[in-house]
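Following: one structure in structure tokens, then a few remarks.
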Amino acid sequence: MHTLVVILLVIVSIALIAVVLLQSGKSAGLSGAISGGAETLFGKQKARGIDLILHRITVVLSVLFFLLALAVTYFKI
Numbered sequence: 001m002h003t004l005v006v007i008l009l010v011i012v013s014i015a016l017i018a019v020v021l022l023q024s025g026k027s028a029g030l031s032g033a034i035s036g037g038a039e040t041l042f043g044k045q046k047a048r049g050i051d052l053i054l055h056r057i058t059v060v061l062s063v064l065f066f067l068l069a070l071a072v073t074y075f076k077i
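Encoded structure:
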């Protein structure tokens, strides 16, 4: 059982890294945070299309990663 959970953890880890790298940046560095960052924070721009899908996949994979990491420590004992 421990081996299966570790294999799933590795697969989820690689998928999480890939999905995070596929996401686009929200600002153009420090200058974007100073000048245009407030528009995206307080504006009514919502994520649409592929950005929304990638965000939801990231949330699901991060929850799976957390649960699998706990399962690895539980089955190790």
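Note that full-length UniProt numbering has the sequence shown beginning at 1, numbered continuously upward.
Just so it is clear, CB atoms sit at the ideal spot from N, CA and C, and this is done for glycine as well.
Excluding residues up to 5 positions away in sequence, L61 lie with their Cβ nearer than 6 Å to the Cβ of A15 in the same chain.
The Cβ atoms of V5 and L68 lie closer than 9 Å to each other. Distance check between I57 and each of Y74, L70 and V12 places V12 closest, using alpha-carbon atoms only.
Counting along the chain, no alpha helix (DSSP H) covers R48, and no H or E run does either.
For S24 and D51, the gap between their C-alpha atoms comes out near 8 Å.
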